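As given, the protein sequences belong to chains A and B, one line each in that order. The working numbering numbers the first residue of the first sequence as 1 and each following residue consecutively. The working numbering numbers the first residue of the second sequence as 1 and each following residue consecutively. First up is the structure itself, then whatever we jot down about it.
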Amino acid sequence: MPGVRSGGDTPLWRAVVVFRLAALAYAGALILGTYHTYAHPSGGLVVLALMAGWTGLMTLASRFAWGRCWPLLAGDLAVAAALTLSSLWVQTYQQSHGGSVTLTTSWGAAPVLGAAVRGGPWAGAAAAGLLGSSTIATRQGITVSTAGSVVLLFLAGTVSGYVVRLVVRAERQLSAAARLEAATRERERLARGIHDGVLQVLTLVQRRGAELGGEVAELARLAGEQEVALRGLVAAPTPAEAGADPAGDGPAGDGPVDLCGLLAAERSSHVTLSTPASPVPLAPHAARELAAAVRAALDNVVRHAGASARAWVLVEDLGDEVVVSVRDDGPGIPPGRLDRAAAEGRLGVALSMRGRVRDLGGTVGVHSAPGEGTEVELRIPRAATR
Amino acid sequence: MTGAGASTIRVMVVDDHPIWREGVARDLTEAGFAVVATAGDGAAAVRIAAAARPEVVLMDLQLPGRSGVDATRAILAADPAARVLVLSASGEDADVLQAVKAGATGYLVKSASRDELVAAVRRAARGDAVFSPGLAGLVLGEFRRIAAGPDGTGPRLTEREIEILRLVAKGLSARQIADRLVLSHRTVQNHVQNTLSKLQLHNRVELTRYAIEQGLDADP
Chain A
1 MPGVRSGGDT PLWRAVVVFR LAALAYAGAL ILGTYHTYAH PSGGLVVLAL
51 MAGWTGLMTL ASRFAWGRCW PLLAGDLAVA AALTLSSLWV QTYQQSHGGS
101 VTLTTSWGAA PVLGAAVRGG PWAGAAAAGL LGSSTIATRQ GITVSTAGSV
151 VLLFLAGTVS GYVVRLVVRA ERQLSAAARL EAATRERERL ARGIHDGVLQ
201 VLTLVQRRGA ELGGEVAELA RLAGEQEVAL RGLVAAPTPA EAGADPAGDG
251 PAGDGPVDLC GLLAAERSSH VTLSTPASPV PLAPHAAREL AAAVRAALDN
301 VVRHAGASAR AWVLVEDLGD EVVVSVRDDG PGIPPGRLDR AAAEGRLGVA
351 LSMRGRVRDL GGTVGVHSAP GEGTEVELRI PRAATR
Chain B
1 MTGAGASTIR VMVVDDHPIW REGVARDLTE AGFAVVATAG DGAAAVRIAA
51 AARPEVVLMD LQLPGRSGVD ATRAILAADP AARVLVLSAS GEDADVLQAV
101 KAGATGYLVK SASRDELVAA VRRAARGDAV FSPGLAGLVL GEFRRIAAGP
151 DGTGPRLTER EIEILRLVAK GLSARQIADR LVLSHRTVQN HVQNTLSKLQ
201 LHNRVELTRY AIEQGLDADP
């Protein structure tokens, strides 16, 4: 049955064993007290012996996986039903029809509990139906007390099955949380090690090399890029930390997303990212589209100002709107050239950026002058993105 | 290679990585500064600073034991005339903001060049704020967070200060900002300095209010 595993339900199997022993004691007391009044007194003792033997077997079996499997549970059900039906032969006609209890009494409910633990509420209900029928057959009709005990059987089966489901789900969430915590701790340990050693050396190589110039400066630049990339890697939050449901039950990614987290990967030796210290939450779609627009703007910088141009990205959260500015120190755009480029259809990247921002209800402003670089300002209203 | 008078500036370097620490110390010595002490963790930094009395402390924030933010606070409490310049990796935003609120006079990323480092130490020694684009973004964000808070009594930035911080965050130098806004270089520096002073004053007020609320203030 899906969703039910062994392991976390061991205490529940133990509870079934305890119930079975207690019910055996009760049934034993009743039989020993009244067996001399039965139509077949020795038959009553035989039934009691069989109940005791089966209880012992099931108690031992419940410790092992095979003791919790369906064939044995079906056998358990059959034994309980058969011993209940034996009341017809053992007890007198008056006893059978006079409202006195069956030989097995509540002992017969143990397989119902077992089925519920193994298979959940529906399996519990099915087992209760089977044993309920045998009880009704034994009493050869439905009386108030038979009806009562059948209803109790159904309740026991469904309720304990439901509780088992809850326990199993809670256990799974707990182990998922524990795994997540272990993974986080391991990443923190790695991050500390990398920070203390590798990153420091890479930063130093970058600085020293840049001063030496020539080919060494090129190596230094590569070291610097790796430093930024590695730092981003060890600092990046896991999906769970970024707000996904740790148990994995809910659909991931429908909560607000931190725009700064999405943009952190853009940091490089050429790109400086400035953000508030606290997250800038946006609806997931808006955050992804805005980040894509920022990437398009940075692509534009490389395309028009060259790979050596530096760029600065500033993220501001004004409450009712989020503003991202992308500035470069390139040659800038002479007045009129933007319009000319648009007329010649050479604004592909810029247009995709404008399209994304406009779809979010925002605006794009471009300020540029020769010698002053180019600045693109993306404004997204927050209300429209919810 | 350096201007006259630099030799009088006493500097201390705090970083837990020896190679980095020695490298920076050598750069500063070559540039004419007196590196009077180095330390590898926060507790040692506080202890050694009390004896060596540096004018400028270059402080890494990720230190074993006592944090760089905590050490910054303790060093400035013992010697309010000292200047702490945070020299840290990019992306440690929350810590940088805490250090600046605790009184650090500025922030420089570790990937800054030697010339930038030397210029920054000199500016810090003069008492000027040292702003990187990243720090400007953090300070802008912090003032907006304070303004959005429950009590509207926190400090506000003037329109001019916001304008200047935004330009700093977008990578313009103080000289470029002065040219663009038709201000003197000194005026731009003063505006930047003011934003930091407001933030640090607000932080002290908040700490005091918290102490009084918790009953930690000394009996009269």
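We treat Cβ as the ideally placed atom computed from N, Cα and C, and that holds for glycine. Bear in mind that the values here come from a model prediction, so they are computed numbers and not experimental data.
1. Chain A beta carbons: is any one of them nearer than 8 Å to that of Ala104 of chain B?
2. Can you give, in chain order, each stretch of the alpha helix (DSSP H) that sits fully within the region 133-205 of chain B and has at least 4 residues?
3. Quick one: which unbroken beta strand (DSSP E) runs of 3-plus residues sit fully inside the region 203-231 of chain A? Chain order, please.
4. Between Lys170 of chain B and chain A, is any beta-carbon pair separated by less than 8 Å?
5. Quick one: what's got a C-beta closer than 7 Å to Thr195 of chain B's C-beta in the same chain, skipping five residues either side?
6. For Ala307 of chain A, decide whether its Cβ has a neighbour in chain B, counting only Cβ atoms nearer than 8 Å.
7. Cβ closer than 7 Å: which chain A residues qualify as neighbours of Glu161 of chain B?
8. CA-CA distance, Val35 of chain B and Val69 of chain B?
9. Below 8 Å on the Cβ atoms is my contact criterion, and I expect Val17 of chain A with Thr84 of chain A to pass it. Report the Cβ-Cβ distance as a whole number of Å.
10. Take Thr102 of chain A and list the residues in its own chain whose beta-carbon comes closer than 6 Å to its own, dropping the five residues that flank it on each side.
11. Consider the Cβ of Thr203 of chain A: report whether some Cβ of chain B lies at a distance smaller than 8 Å.
12. Taking the CB atoms as reference points, tell me whether Leu57 of chain A and Pro111 of chain A lie closer together than 8 Å.
13. At a Cβ cut of 9 Å, what residues of the region 286-315 of chain A count as close to chain B, listed as they run along the chain?
14. Can you tell me where the beta strand (DSSP E) holding Pro381 of chain A begins and where it ends?
15. Which same chain residues, not among the five before or five after Thr105 of chain B, have their C-beta less than 7 Å away from its C-beta?
16. What separation, rounded to the nearest whole angstrom, lies between the Cα atoms of Arg5 of chain A and Trp66 of chain A?
17. Does the beta-carbon distance from Ser380 of chain A to Glu316 of chain A come in below 8 Å?
18. Is the separation between the beta-carbon of Leu58 of chain B and that of Val96 of chain B shorter than 8 Å?
19. Anyone know if the C-beta pair for Gly124 of chain A and Gly157 of chain A falls short of 8 Å?
20. With 8 Å as the threshold, decide whether the Cβ of Glu211 of chain A is near any Cβ in chain B.
21. For Ser274 of chain A, return the contacting residues in chain B, with the cut-off set at a CB-CB distance below 7 Å.
22. From the DSSP secondary-structure annotation, give me the bridge partner or partners of Ser325 of chain A.
23. Please report how far the alpha carbon of Asp179 of chain B lies from the alpha carbon of Thr272 of chain A, in whole angstroms.
24. Please determine, among A:Arg358, A:Leu262, A:Leu233 and A:Arg354, the residue with the shortest C-alpha to C-alpha distance to Arg187 of chain A.
25. Within 10 angstroms of its Cβ, does Arg358 of chain A collect 16 or more other Cβ (buried), or is it exposed?
26. Find the residues of chain A that neighbour Asp128 of chain B, judging by a C-beta separation of less than 9 Å, and give them in chain order.
27. Please name the residue, chosen from A:Gly319, A:Arg356 and A:Gly355, that lies closest to Ile146 of chain B on a Cα-to-Cα basis.
28. Indicate whether Arg354 of chain A and Asp329 of chain A have their beta-carbon atoms separated by less than 8 Å.
29. What residues from chain A crowd round Leu140 of chain B, counting only those whose CB sits closer than 9 Å?
30. Could you list which residues in chain B have their beta carbon closer than 8 Å to that of Gly405 of chain A, in chain order?
31. Would you call Cys391 of chain A buried or exposed, if buried means 16 or more other Cβ atoms sit within 10 Å of its Cβ?
32. Val36 of chain B by DSSP, collapsed to three states: which one?
33. So that I know if they touch, is there some Cβ in chain A lying closer than 8 Å to that of His191 of chain B?
34. Mind reading off the beta-carbon distance from Pro276 of chain A to Gly141 of chain B? Whole number of angstroms is fine, and I expect it under 8 Å.
35. Whose C-beta lies closer than 7 Å to the C-beta of Pro246 of chain A among residues of the same chain, with five residues either side of it excluded?
36. Which runs of the alpha helix (DSSP H) fall wholly inside the region 72-111 of chain B and span at least 4 residues, in chain order?
In short, the structure shows the following:
1. Counting from 1 along the second sequence, the entry for residue 104 of chain B is found at position 104. By this cut-off, Ala104 of chain B is not an interface position.
2. Fully enclosed alpha helix (DSSP H) runs of 4 or longer: 133-147, 159-169 and 174-181.
3. Taking only runs of at least 3 residues, no beta strand (DSSP E) segment lies wholly in the region 203-231 of chain A.
4. Looking up residue 170 of chain B in the second sequence gives position 170. At a cut-off of 8 Å, the C-beta of Lys170 of chain B has a neighbouring C-beta in chain A.
5. On the second sequence, position 195 is the one that residue 195 of chain B refers to. The answer, listed in chain order, is Val139, Leu157, Glu161 and Leu165.
6. Counted from its first residue, the first sequence places residue 307 of chain A at position 307. By the rule that beta-carbons nearer than 8 Å mark a contact, Ala307 of chain A does not touch chain B.
7. Reading the second sequence from its first residue, position 161 is the one you call residue 161 of chain B. Simply none; closest approach about 14 Å.
8. As a first step, residue 35 of chain B must be located in the second sequence, where it is residue number 35. As a first step, residue 69 of chain B must be located in the second sequence, where it is residue number 69. Straight-line spacing of the CA atoms in Val35 of chain B and Val69 of chain B works out to 21 Å.
9. What you label residue 17 of chain A is simply residue 17 of the first sequence in a count that begins at 1. What you label residue 84 of chain A is simply residue 84 of the first sequence in a count that begins at 1. With a Cβ gap of about 20 Å, Val17 of chain A and Thr84 of chain A do not count as contacting.
10. Sequence index remark: in the first sequence, residue 102 of chain A carries index 102 (1-based). Counting only Cβ-Cβ distances below 6 Å, and skipping sequence neighbours, we find Thr84, Ser87 and Thr138.
11. Position 203 of the first sequence, counted from the start, is the residue given in the question as residue 203 of chain A. By the rule that beta-carbons nearer than 8 Å mark a contact, Thr203 of chain A touches chain B.
12. Taking the first sequence and counting its residues from 1, the one referred to as residue 57 of chain A is at position 57. Taking the first sequence and counting its residues from 1, the one referred to as residue 111 of chain A is at position 111. Judged by beta-carbon spacing, Pro111 of chain A lies beyond the 8 Å limit of Leu57 of chain A, meaning their Cβ atoms are not closer than that value.
13. Going along the region 286-315 of chain A in chain order, one finds Arg310, Ala311, Trp312, Val313, Leu314 and Val315 with a Cβ nearer than 9 Å to chain B.
14. Numbered from its first residue, the first sequence carries residue 381 of chain A at position 381. In the DSSP annotation of this structure, the continuous segment of the beta strand (DSSP E) that includes Pro381 of chain A starts and ends at Thr374 to Pro381.
15. By one-based count along the second sequence, residue 105 of chain B stands at place 105. Closer than 7 Å at Cβ, skipping near neighbours: Arg83, Val84, Leu85, Ala124, Ala129 and Val130.
16. What you label residue 5 of chain A is simply residue 5 of the first sequence in a count that begins at 1. What you label residue 66 of chain A is simply residue 66 of the first sequence in a count that begins at 1. Bear in mind that the predicted position of Arg5 of chain A carries a pLDDT of just 45, short of 50, making it unreliable; the figure below should be weighed with that in mind. Using only the alpha carbons, I get a separation of about 13 Å.
17. On the first sequence, position 380 is the one that residue 380 of chain A refers to. On the first sequence, position 316 is the one that residue 316 of chain A refers to. In the sequence as presented, Ser is not what sits at residue 380 of chain A; that position holds Ile. Annotated as distal: Ile380 of chain A and Glu316 of chain A, with beta-carbon spacing of 8 Å or more.
18. Here residue 58 of chain B corresponds to residue number 58 of the second sequence, with the count starting at 1. Here residue 96 of chain B corresponds to residue number 96 of the second sequence, with the count starting at 1. Contact: no.
19. As a first step, residue 124 of chain A must be located in the first sequence, where it is residue number 124. As a first step, residue 157 of chain A must be located in the first sequence, where it is residue number 157. Against a cut-off of 8 Å, the Cβ pair of Gly157 of chain A and Gly124 of chain A comes out as a contact.
20. On the first sequence, residue 211 of chain A is found 211 positions in, with the first residue counted as 1. With 8 Å as the cut-off, Glu211 of chain A counts as an interface residue toward chain B.
21. Stepping through the first sequence from its first residue, residue 274 of chain A is reached at position 274. Neighbours of Ser274 of chain A on chain B, chain order: Pro133, Gly134, Ala136, Gly137 and Ala169.
22. The residue given as residue 325 of chain A occupies position 325 in the first sequence. Residue pairing by DSSP places Ser325 of chain A opposite A:Leu314 and A:Glu377 in a beta bridge.
23. Reading the second sequence from its first residue, position 179 is the one you call residue 179 of chain B. Reading the first sequence from its first residue, position 272 is the one you call residue 272 of chain A. Cα to Cα, the separation comes out at about 22 Å.
24. As a first step, residue 187 of chain A is located in the first sequence; it is residue number 187 there, counting from the start. The option with the nearest alpha carbon to Arg187 of chain A is A:Leu233.
25. For the purposes of this step, residue 358 of chain A is taken as residue 358 along the first sequence, with counting starting at 1. Taking every protein chain shown into account, the CB of Arg358 of chain A has fewer than 16 other CB atoms within 10 angstroms, so this residue is exposed.
26. Residue numbering aside, residue 128 of chain B sits at position 128 when the second sequence is read from its first letter. By Cβ distance, chain A contributes nothing, its closest Cβ being about 20 Å from Asp128 of chain B, past 9 Å.
27. On the second sequence, position 146 is the one that residue 146 of chain B refers to. When only C-alpha atoms are compared, the closest one is A:Gly319.
28. Start at 1 with the first residue of the first sequence, and residue 354 of chain A comes out as number 354. Start at 1 with the first residue of the first sequence, and residue 329 of chain A comes out as number 329. In this structure, Arg354 of chain A lies away from Asp329 of chain A, with their beta-carbon atoms at least 8 Å apart.
29. By 1-based counting over the second sequence, the position of residue 140 of chain B is 140. The answer, in chain order, is Ser274, Pro276, Leu314 and Glu316.
30. This structure leaves residue 405 of chain A out entirely; chain A is present only between 1 and 386.
31. Lying before the first or after the last residue shown, residue 391 of chain A is absent from chain A, which here runs from 1 to 386.
32. Within the second sequence, residue 36 of chain B is the residue found at index 36, counting from 1. Strand at Val36 of chain B.
33. Mapped onto the second sequence, residue 191 of chain B falls at position 191. The beta carbon of His191 of chain B does not come within 8 Å of any beta carbon belonging to chain A, so the residue lies off that interface.
34. Numbered from 1 along the first sequence, position 276 holds the residue referred to as residue 276 of chain A. Numbered from 1 along the second sequence, position 141 holds the residue referred to as residue 141 of chain B. The C-beta distance from Pro276 of chain A to Gly141 of chain B rounds to 2 Å, short enough to meet the 8 Å contact threshold.
35. Along the first sequence, read from residue 1 onward, the residue named residue 246 of chain A stands at position 246. The pLDDT assigned to Pro246 of chain A is 38, lower than 50, so where the model puts this residue is not dependable; a value taken from the coordinates is nonetheless given after this. Excluding residues up to 5 positions away in sequence, Ala176, Ala177, Leu180 and Ala240 lie with their Cβ nearer than 7 Å to the Cβ of Pro246 of chain A in the same chain.
36. Runs of alpha helix (DSSP H) with 4 or more residues, each lying fully within the region 72-111 of chain B, are found at 93-101, listed in chain order.
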